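Asks: This is the structure, below, for whatever I ask next.
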Amino acid sequence: MVPSKLNLKQEKRNWLDLPSDVTANILNRIGMVDILENAQKVCAAWRKICKDPAMWRVINMNDIKGTRAEVLAVKMCKHAVDRSQGQLVDITIVSTYDAELHLYVADRTSELRRLEMAHLFFFGKLTTVALMKFPLLEELNLYEIRISKEEIETVGRYCPMLKTLKVNKRGYEGSLTRYNEIAIAIGQNLPGIRHLELIGNKMTNVGLRVILDNCHHLETLDLRECLYIDLEGDLGKQCSKQIKYLKLPNDSLEDYPYIYLTESEYFNDDYYYVDAYEVST
Numbered sequence: 001m002v003p004s005k006l007n008l009k010q011e012k013r014n015w016l017d018l019p020s021d022v023t024a025n026i027l028n029r030i031g032m033v034d035i036l037e038n039a040q041k042v043c044a045a046w047r048k049i050c051k052d053p054a055m056w057r058v059i060n061m062n063d064i065k066g067t068r069a070e071v072l073a074v075k076m077c078k079h080a081v082d083r084s085q086g087q088l089v090d091i092t093i094v095s096t097y098d099a100e101l102h103l104y105v106a107d108r109t110s111e112l113r114r115l116e117m118a119h120l121f122f123f124g125k126l127t128t129v130a131l132m133k134f135p136l137l138e139e140l141n142l143y144e145i146r147i148s149k150e151e152i153e154t155v156g157r158y159c160p161m162l163k164t165l166k167v168n169k170r171g172y173e174g175s176l177t178r179y180n181e182i183a184i185a186i187g188q189n190l191p192g193i194r195h196l197e198l199i200g201n202k203m204t205n206v207g208l209r210v211i212l213d214n215c216h217h218l219e220t221l222d223l224r225e226c227l228y229i230d231l232e233g234d235l236g237k238q239c240s241k242q243i244k245y246l247k248l249p250n251d252s253l254e255d256y257p258y259i260y261l262t263e264s265e266y267f268n269d270d271y272y273y274v275d276a277y278e279v280s281t
């Protein structure tokens, strides 16, 4: 039966008439950029929802990937952090990371549970002072972000709730000694860790053994591209026996969440576009 024009007219729904909680749920799915650039400008009701601190408990900068306007991206992120009014619990910072932004987040929330930072060109660096301000942090994910044994020690001391650590660095060599120092620091300072990713780590069996001997709660261990370890002997048997979910050095990286860019690729005009965003308060 073909529906009448009357029925079609009755089935039309005005999105502005949706309950505010339903609208908030929908807007949460479109991403930070669309909220700040478009959604909040639709009407007064949507603007009110978009300014609710609860909308900004989770901030994901992944949808800003591809812009060369890094200053604007940082400005957007700070604006989103301000809107959270201290309620921020989860933030993903991609490409635009700098030490000042890390401190900005740390100074405006003590409720953070999850922090992910990915530098897709060159290499970013952590800020020790900021790490001291995340007492509730449960998950720290780092992609192409430099970390030192001193910063691991800081995390162990000031982030007692930490259960997941990802320190993934592909395509960066560095010294084997430095990587072993980091692995040893993880073993000595994070005994309660349950999920550990060390993709691309250049540690040797020395560093891995310290982790296995000290992190007795470890369930997940990702050793993909850890090409300086030898799992043929007793250490391999210990990994298989102790670790519930183990990824080996030559396992596929198909699910790796970020594509690392070289300096020349980062500044390739074919890859990036310019965004003329202006923050609307």
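Numbering (the UniProt record's numbering), first residue to last: 1 to 281.
Cβ coordinates follow ideal geometry from the N, Cα and C atoms, glycine included.
Fair warning: this is a prediction, and the values are worked out from it, not measured in the lab.
Would you check if the distance between the CB atom of residue 101 and the CB atom of residue 57 is smaller than 8 angstroms?
Replies: Not closer than 8 angstroms, so no.
Asks: Just curious, the alpha helix (DSSP H) that residue 48 is in, first and last residue?
Replies: Run containing residue 48: 44-50, per the alpha helix (DSSP H) assignment.
Asks: Looking at residue 155: is its Cβ nearer than 8 angstroms to the Cβ of residue 131?
Replies: A contact, by the Cβ cut-off of 8 angstroms.
Asks: Please confirm whether residue 165 and residue 137 have their CB atoms less than 8 angstroms apart.
Replies: Not a contact, by the Cβ cut-off of 8 angstroms.
Asks: My understanding is that residue 186 touches residue 211, with C-beta atoms under 8 angstroms, so please give their C-beta distance in whole angstroms.
Replies: Confirmed, about 6 angstroms.
Asks: Under DSSP, the alpha helix (DSSP H) around residue 152 begins and ends at which residues?
Replies: Its alpha helix (DSSP H) spans residues 149-158.
Asks: Just list the residues that DSSP pairs residue 60 with in beta bridges.
Replies: Beta-bridge pairing links residue 60 to 92.
Asks: Could you tell me the boundaries of the alpha helix (DSSP H) in which residue 183 lies?
Replies: Element bounds for residue 183: 176-189.
Asks: Is it the case that the Cβ atoms of residue 49 and residue 24 are separated by a distance below 8 angstroms?
Replies: Contact: yes.
Asks: Between the alpha carbons of residue 95 and residue 236, how many angstroms are there, rounded?
Replies: Their backbone Cα atoms lie some 36 angstroms apart in a straight line.
Asks: So residue 158 and residue 135 are in contact, right, with Cβ under 8 angstroms, and what is the actual spacing, rounded?
Replies: Correct: roughly 6 angstroms between the Cβ atoms.
Asks: Pick from 44, 152, 47: whose alpha carbon is nearest that of residue 182?
Replies: When only C-alpha atoms are compared, the closest one is 152.
Asks: Does the Cβ-Cβ distance between residue 112 and residue 93 come in under 8 angstroms?
Replies: No; because the gap between Cβ atoms is not below 8 angstroms, this pair is not in contact.
Asks: Taking Cβ to Cβ, would you say residue 200 is nearer than 8 angstroms to residue 225?
Replies: Yes, the Cβ-Cβ distance between residue 200 and residue 225 is below 8 angstroms.
Asks: Is it buried or exposed for residue 143, if we count other Cβ within 10 angstroms and need 16 for buried?
Replies: Residue 143 is buried by the Cβ-count criterion.
Asks: Taking residue 235 as part of the beta strand (DSSP E), name the residues at either end of that continuous run.
Replies: It is not in any beta strand (DSSP E) - residue 235 instead sits in the alpha helix (DSSP H) that spans 234-242.
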